[in-house]
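Asks:
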Amino acid sequence: MDLVQLFPAAAYAKNGADIRLAVDAVEDMFRLPDLTHVVIVAGDSDYIALAQRCRRLGRYVVGVGVAGSTSRALAAACDELVTYDALPGIEPADPAQLSAGQAPGINGARAQADEPGRRSRQGRRPAAEVSDETDPEPEDPQEAATRLLERALRLGQEKDDVDWLHSSAVKSQMRRMDPSFSERALGYRSFSDFVKSRAAIAELDETNPARLIRLSQARPGR
Numbered sequence: 222m223d224l225v226q227l228f229p230a231a232a233y234a235k236n237g238a239d240i241r242l243a244v245d246a247v248e249d250m251f252r253l254p255d256l257t258h259v260v261i262v263a264g265d266s267d268y269i270a271l272a273q274r275c276r277r278l279g280r281y282v283v284g285v286g287v288a289g290s291t292s293r294a295l296a297a298a299c300d301e302l303v304t305y306d307a308l309p310g311i312e313p314a315d316p317a318q319l320s321a322g323q324a325p326g327i328n329g330a331r332a333q334a335d336e337p338g339r340r341s342r343q344g345r346r347p348a349a350e351v352s353d354e355t356d357p358e359p360e361d362p363q364e365a366a367t368r369l370l371e372r373a374l375r376l377g378q379e380k381d382d383v384d385w386l387h388s389s390a391v392k393s394q395m396r397r398m399d400p401s402f403s404e405r406a407l408g409y410r411s412f413s414d415f416v417k418s419r420a421a422i423a424e425l426d427e428t429n430p431a432r433l434i435r436l437s438q439a440r441p442g443r
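Numbering of the sequence shown is given in the numbering used here, commencing with residue 222 and proceeding in unit increments.
#1: Quick check on the DSSP output: the alpha helix (DSSP H) that includes V416 runs from which residue to which?
#2: Quick check: A421 and S411, are their CB atoms within less than 8 Å of each other?
#3: If you run the structure through DSSP and keep just helix, strand and coil, what is D267?
#4: Return the chain-ordered list of same chain residues with a C-beta closer than 6 Å to the C-beta of G283, the five sequence neighbours on each side being excluded.
#5: Indicate the three-state DSSP secondary structure (helix, strand or coil) for Y409 in the structure shown.
#6: Our contact map puts A366 next to G377 with C-beta atoms below 8 Å; I'd like the distance itself, whole angstroms only.
#7: By DSSP's criteria, E424 is part of a beta bridge. Which residues make up the other side?
#8: Quick one, are the C-beta atoms of I269 and A294 less than 8 Å apart?
#9: Can you tell me whether Q226 is buried or exposed, with buried defined as 16 or more other CB within 10 angstroms of its CB?
#10: What's the C-alpha gap between D382 and R372?
#11: I need the DSSP call for V287, collapsed to helix, strand or coil.
#12: Do R419 and L370 have their CB atoms nearer than 8 Å?
#13: I'd like the list of long-range same chain contacts for R274, defined as Cβ closer than 7 Å, with 5 residues on each side in sequence excluded.
#14: Just reading off the alpha helix (DSSP H) that L295 is part of, what are its end residues?
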């Protein structure tokens, strides 16, 4: 492991460490043919191009980011996205710290380091522009997961022209459509438990060792 710390001499060089890491990673793709996985611990959209290039070079890319503050575009560029707070040995952030404006996990240092520059940039913006800005309403992760499951089942049935699909194939399809999907992050111990909680959408057959899933036959309009 090569620990990289660059001290920029001016504000325009603040992304120097990011560029250095990206260049080193791409170089390693060509230098080390046995390297099969790349893990990007960041939520910054600056790493989208790196994730895409690594995948084009045949590597499996895993993103590790903080829930709610990871770029969706970065998540889509990875093969898999893991929530930082769900990693073994990581304690969830204290709500008191979040209310005090301290960013959790891996983004904390970055947020504090960028704060002076952020204030100076906002200070030059018109007051009307700042006051009119509103953050978009976050999407309910449970509802999004339900829609994702239904889409994956429909795609699988249309592709294979069968009703019952293997559980592992459905989950893989969901991860391809949304690498950030994780049943554990939604509060379920297993993918089967997640499917059971969506009985209005899907039926689970546990009598088969492979565990099969299909769209619920009792759905309205069916």
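Glycine included, every Cβ here is placed at the ideal spot set by N, Cα and C. The model shown is predicted, which means the values in this text are computed figures rather than measured ones.
Replies: For this structure:
#1: 412-417
#2: no
#3: helix
#4: Per the sequence shown, the amino acid found at residue 283 is Val instead of Gly. So the qualifying residues of the chain are V260, E301.
#5: coil
#6: So it is not a contact: roughly 16 Å between Cβ atoms.
#7: R435
#8: yes
#9: exposed
#10: 15 Å
#11: coil
#12: yes
#13: V247
#14: 293-298
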